[in-house]
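Protein chains in written order, with this note's numbering: chain A, 1 to 612; chain B, 1001 to 1590.
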């Protein structure tokens, strides 16, 4: 099977100069497949066109009472049918193969593009765009690429049939030659309004689907607070809008269906009439009349292909445009060649000239920053190669042991400094697969899981995937870890970064959703596993800050104070304000009129038997 | 060729899939609702098909008359009939297709609306356990698949079945002998189709799952762009995509092979039908058992069978895909509603748990006999390590789950016996989920109290400190928010959720780590909004941050499904247990 050669080892470098050039490039990269499909298509259609001839011969023979001729006609029909079937199956196989080749090649290109763009993708386009290309545009482009071979076959057979008929009955031949393009063109006037109405229907349907998905996704809120009727009414209105639009589309579509019966039908009626006249005048036999009738009816096949082609072209053009746009994106505005190199990153201090922040090699440096957005941006900067939007200018680069990170090749910079951002994504797969990341090999998965106190996460994973047979490493993590709680997700992500064990690890609020009990234990585990490695920890929890070697307070874009957590608590009111919450208690003092008479403790009682 | 190995795609659905009996009874319901529409479509199509059969009949008669000698007038009359029939056929085809679409769209609208009506009435406990992911995919993917079935497969199949019946009828009228001859290849068709349809539906489902799996990987790579780049997973993602493409292609290859076997056998049956009518029919004609006209019409009718039979075969498995989706949609009807009683009325606001035991699975209890009294207006903090059962306890106190043993009561009445609509007027669970619905800001607020006017909405927003940014929005309350609209920041979304609480005005709140997913520095601001909402209400807070616990009247430390420490903050600190140790490291007093 030719399919064995897919997916390709390398999908190649596409021509992105224009959508048409891109489609041509895709066709060129499967030239042999295109040629084969055309040949099989010609065989199938030609046999189909010739079959009425055998029928005509058979009927003529029956009229003449010639049994031997009947059997001969039967044999011819059998041969034609067999060849047609062979051509049909082979065409189908080849066409599907061509479609698959184009679709998988494009999807391979998209996967490579997504990996290349990495963090830069969301700064360049809406992320949904790339996925939409891979989902629906792939199908359409594949369809167009595959269809060209069938169109070629249809044109060859139509011209061939015209030539044969033209040589015997010039008037009929002319009708075939001109009739096909005229009939094919006759659907065009309806095509544009159909597309328009269908587009509207799709937009309404998209809106209704969105509403349904949204309502269902927020159902826990609705069931908890109310508002089901409000949202149902809204959905009903959207649903009825879809119905109305779909019926309006169906009006044109049913008109087209009627037209597709009527016009070719008229053509067949006219030729049958003409044929019958010829029979009356003794110019042809009844058998030939049947053959003419059959041949005219056959023309529906190439007509269908031509109609399909018009439709395919109109949608593939748009899809190819989207695909070329996505494939032409680059990570940053201008990608320059990067020549700097690092020596012993684990022994180097990390320094940011913008804020004046320095993280000593081999130490845990905690950074406290009042504004979460500033902290997030600073954490991103510490890794270098911050993706920029079109209009952004880069700031001076962070240096690792004197080497500007921005001048290192991207991969090398990422290997030296790992920025664990606020929302690290858990990629779906088994737990074992989650930890398959480029790593130093110094920290085992078991050590990392222990450090983040993940016992309850492992239990939850085993509970949630019955197929893992009790082994948490074989348990599946669903997309984005949705089946886990926020704190559980954070701990797995932290464990993954610990396994990667980079020379420099920048952590931005890694345990913000973890309870205090667990957080204090994680702080100890982190200390142990990052021993001798450089760690920058953005945090506000005293449980974490207390474990750092040095704490920096960043205020108004600069490092404002340095010291240990306890020193800063004592000496720096600004620090105290950010870290402790003396000024703003979370639960207000009792103000409720029906407040319990006695002080707090008496307000609630427990009867828990296991009370310690 | 053997089918590829099936890969497991994540955990199984937790919501039921309808049994065939439920699907059948639902279909009967739909059929009753749309009986007249369905009859009209079949009737119109029957007329169109009969008109379409006139063509071969005319040709047959022409051949008959031409071979015996005829006049111009007879030809003209025949052609006239043909033309008339063609006009009727075209008109009725258009008409029946239109009526079919109208009917199909009505059925589809019913299906999707019925689904949502049932979904929004699902018991909160079921939603909490099963999550909403499966339900969302039923509401989107399955509805789309079913739309394809209802719009294309059902009408095509109905039309094709009518056509086959009518063509066979015409063949029988033309000559019973020829009719028997034409169906000579049927056993072959039945045998190979049986073979094919035993394998095909499952394989096509796997194939489309494989196609979607490639997309899932790609979507994840895109979505996790930062993580992929930071951890240098780019090459791995490319390899994974290529592997998924390989798995998808394995199914493509397999289904292609199924068709490679099946298609020629189908072709052979068609050819057999035409050949048998032609040759055997020719012999019958030579023997004078049938006329030339009958022979011609018979051959053409035999050929005319090809198209509708092809349609039946083509759409049959699409119908099966639709059936699977229908079973998933109708499945939500099989979720049992908890037995509730409209008449259970709470007397007072006291929340009590007595000897509560609870487990998600048989024999694996998460809570082991917890008792807790929450006085009206008091604040209780539940603290403890992850997985100790704090959230589960919170959900029991909010009436979302019913206790396995023991009881949870509100004002003396068991929560488990109250309908969700009653409970939520009294108790609300505030969790990490702060869903912003697609729609206007007003819709997002009014869901909590449908009759609220703008003054009340603004007051609620002011109460949570959100009037500032709402006033800054260009269209105020009419601003479209949610996915596709103006994006709200997580703290804004959380404030919106809090404003809903102000509107809904329950006297008791269960806070489940309500602000924990937010950046702690943003959470501080939000806590101001939250504390305004909490004023004057009973609060049960599942706390991550110790300062939340510090401010509560009572702290219950939950460990391994039991309450291990209990008392006010000063009491617990004085007791010198684990809580005290934690507090000292938090506040640096040690």
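Glycine is no exception: its CB is placed at the ideal position from the N, C-alpha and C atoms.
So, with DSSP's three-state summary, where would you put residue 435 (chain A)?
coil
Going by DSSP, what residue range makes up the beta strand (DSSP E) through residue 352 (chain A)?
350 to 352
Would you give the residue range spanned by the beta strand (DSSP E) that residue 1357 (chain B) belongs to?
1351 to 1361
In chain order, which continuous runs of the alpha helix (DSSP H) of length 4 or greater are located wholly inside the segment 1188 to 1256 of chain B?
1225 to 1230
Residue 1036 (chain B) CB to nearest chain A CB: under 9 Å?
no
Does residue 1552 (chain B) come out as helix, strand or coil in the three-state DSSP assignment?
coil
Of all the CB atoms in chain A, is at least one closer than 9 Å to the CB of residue 1270 (chain B)?
yes
Here's a check: name, in chain order, each residue in its chain whose Cβ is nearer than 7 Å to the Cβ of residue 278 (chain A), leaving out the five neighbours to either side.
284
Consider the Cβ of residue 14 (chain A): report whether some Cβ of chain B lies at a distance smaller than 9 Å.
no
So who's on the other strand from residue 1507 (chain B), going by DSSP bridges?
Answer is none; residue 1507 (chain B) lacks a bridge partner.
Rounded to whole angstroms, what's the CA-CA distance from residue 135 (chain A) to residue 1002 (chain B)? Just pull it up for me.
28 Å
How far does the alpha helix (DSSP H) with residue 468 (chain A) in it extend, from its first residue to its last?
Premise fails: residue 468 (chain A) is in no alpha helix (DSSP H) and is neither H nor E.
Cutoff 8 Å; reference residue 50 (chain A); Cβ partners in own chain excluding five residues on either side:
80
In chain order, what are the residue ranges of uninterrupted beta strand (DSSP E) at least 3 long that sit wholly in the segment 1095 to 1133 of chain B?
none
Runs of 3 residues minimum, wholly inside the segment 514 to 568 of chain A: which ones carry the beta strand (DSSP E) assignment?
534 to 538, 550 to 555, 558 to 563
Interface flag, residue 1095 (chain B) vs chain A, CB-CB below 9 Å:
yes
Counting only beta-carbon atoms, is residue 1039 (chain B) nearer than 9 Å to chain A?
no
Mind checking whether residue 1064 (chain B) and residue 1288 (chain B) have CB atoms under 9 Å apart?
no
State the CB to CB distance for the pair residue 1355 (chain B) and residue 1406 (chain B), rounded to an integer number of angstroms; the pair is presumed to be in contact (CB under 8 Å).
4 Å
Can you grab the Cα-Cα spacing for the pair residue 513 (chain A) / residue 1542 (chain B), in whole Å?
12 Å
Measure the alpha-carbon distance for residue 566 (chain A) versus residue 578 (chain A) and round it to whole angstroms.
14 Å
So the candidates are A:118, A:323, A:52, A:68; which of them puts its Cα closest to the Cα of residue 414 (chain A)?
A:118
Output the boundary residues of the alpha helix (DSSP H) element that contains residue 445 (chain A).
445 to 451
Just how far apart, CA to CA, sit residue 1051 (chain B) and residue 1150 (chain B)?
26 Å
At least one CB of chain A closer than 9 Å to the CB of residue 1144 (chain B): is that the case?
yes
Buried or exposed, going by whether 16 or more other CB atoms sit within 10 Å of the CB of residue 341 (chain A)?
exposed
So which residues of chain B does residue 44 (chain A) contact, with C-beta pairs closer than 9 Å?
Those within 9 Å of residue 44 (chain A) in chain B number zero; the least Cβ separation is about 10 Å.
For residue 1414 (chain B) and chain A, any beta-carbon pair shorter than 9 Å?
no
Please report the straight-line C-alpha distance between residue 1057 (chain B) and residue 87 (chain A), rounded to a whole angstrom.
31 Å
With a cut-off of 8 Å on the beta carbons, I'd call residue 435 (chain A) and residue 1120 (chain B) a contact; round off their distance for me.
Between residue 1120 (chain B) and residue 435 (chain A) the Cβ distance is about 40 Å, and since that is not below 8 Å, they are no contact.
Inter-residue spacing [alpha-carbon to alpha-carbon] between residue 258 (chain A) and residue 1095 (chain B):
8 Å
From the DSSP output, in three-state form, read off residue 572 (chain A) for me.
coil
According to a CB-to-CB cut-off of less than 9 Å, which residues of the segment 1208 to 1225 of chain B neighbour chain A?
1211, 1212, 1214, 1215, 1216, 1217, 1218, 1219, 1220, 1221, 1222, 1223, 1224, 1225
Sub-9 Å separation of residue 363 (chain A) and residue 580 (chain A) beta-carbons:
no
Only counting runs of 4 or more residues, tell me where the alpha helix (DSSP H) segments fall wholly within the segment 259 to 347 of chain A, in order along the chain.
286 to 298, 300 to 327
If we ignore side chains and look at the alpha-carbon of each, how far apart do residue 599 (chain A) and residue 1511 (chain B) end up?
Reliability of the predicted coordinates at residue 599 (chain A) is poor, the pLDDT of 35 falling under 50, and the value obtained from them is presented with this limitation in mind. Going from the Cα of residue 599 (chain A) to the Cα of residue 1511 (chain B) covers about 22 Å.
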